[in-house]
Amino acid sequence: MANISDLIMQQVKAAVGGVQVPADAQSKLIEGMSSSVLGSLTQTVAKPGGADLIKSLLSGKTSAASSPVTQLAGNLFTKNVLSKLNLGSALNGTLSGLIPGVMGKLSSVIADRDGDGDVDLNDILLSLKGGSGGGILGAATGILGGLFKKK
Numbered sequence: 419m420a421n422i423s424d425l426i427m428q429q430v431k432a433a434v435g436g437v438q439v440p441a442d443a444q445s446k447l448i449e450g451m452s453s454s455v456l457g458s459l460t461q462t463v464a465k466p467g468g469a470d471l472i473k474s475l476l477s478g479k480t481s482a483a484s485s486p487v488t489q490l491a492g493n494l495f496t497k498n499v500l501s502k503l504n505l506g507s508a509l510n511g512t513l514s515g516l517i518p519g520v521m522g523k524l525s526s527v528i529a530d531r532d533g534d535g536d537v538d539l540n541d542i543l544l545s546l547k548g549g550s551g552g553g554i555l556g557a558a559t560g561i562l563g564g565l566f567k568k569k
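According to the numbering used here, the residues represented by the sequence shown are 419 to 569, in order.
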């Protein structure tokens, strides 16, 4: 099974592929949007109540467009990627508008991975890690490793 980073990257590539962007900016946009989505998940899960926000988003109880997790991904993308590429406000708006769609497609990623009968913090961490074991410490290590890995 692909890990969440791979699934995010697939969704981002599909979304960005439909938008006309300069060739030299496309890989930066794909990597930046993927990083922003993953960053919003990892930052949110680390906050009190964050696991519930993610669970609500991924279970469909909160729409992707109105979720604080999606808003954080958009803020990270704007601050860390779009502000540095100078693509213009119209294209920036189009690209930022792709994030709710990407976030909305992640609901199939999070499931009851630890077999305890519900989706909880450990399941979210296991999904972020991309594994099926290792507990919270192993998941946190996997998350940090994924954030700092070079391609």
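Using N, Cα and C, we set each Cβ at its ideal position, and we do this for glycine too.
- Item | Contacting residues, own chain, Cβ-Cβ under 6 Å from glutamine 429 (five flanking each side not counted) | Within the sequence shown, the letter at position 11 stands for residue 429. Excluding positions up to five away in sequence, the list reads Val520, Lys523.
- Item | Expected contact under 8 Å - CB spacing of isoleucine 426 and leucine 471 to nearest Å | The residue labelled residue 426 in the question sits at position 8 within the sequence shown. The residue labelled residue 471 in the question sits at position 53 within the sequence shown. With a Cβ gap of about 17 Å, isoleucine 426 and leucine 471 do not count as contacting.
- Message: Would alanine 482 and proline 518 be called neighbours here (beta carbons separated by less than 7 Å)?
- Response: Here residue 482 refers to the residue found at position 64 when the sequence shown is read from its first residue. Here residue 518 refers to the residue found at position 100 when the sequence shown is read from its first residue. With respect to the 7 Å criterion, alanine 482 and proline 518 are classified as neighbours on the basis of their beta carbons.
- Query: From lysine 431 to leucine 447, what distance separates their C-alpha atoms?
  - Reply: Start at 1 with the first residue of the sequence shown, and residue 431 comes out as number 13. Start at 1 with the first residue of the sequence shown, and residue 447 comes out as number 29. Going by the C-alpha atoms only, they are around 9 Å apart.
- Apply the 10 Å Cβ neighbour rule to alanine 491 and answer buried if 16 or more other Cβ atoms are within range, or exposed otherwise. Looking up residue 491 in the sequence shown gives position 73. Under this definition alanine 491 is a buried residue.
- Task: Tell me, to the nearest whole angstrom, how far the beta carbon of leucine 503 is from that of serine 458; I am working on the premise that it is less than 8 Å.
- Result: If you number the sequence shown from 1, residue 503 lands on position 85. If you number the sequence shown from 1, residue 458 lands on position 40. In this structure, leucine 503 and serine 458 do not form a Cβ contact; the two beta carbons are roughly 19 Å apart against a cut-off of 8 Å.
- Please say whether valine 499 and valine 436 have beta carbons closer to each other than 7 Å? In the sequence shown, the residue the question calls residue 436 occupies position 18. In the sequence shown, the residue the question calls residue 499 occupies position 81. In the sequence on display, residue 436 carries glycine and not valine. No, they are not a contact pair.
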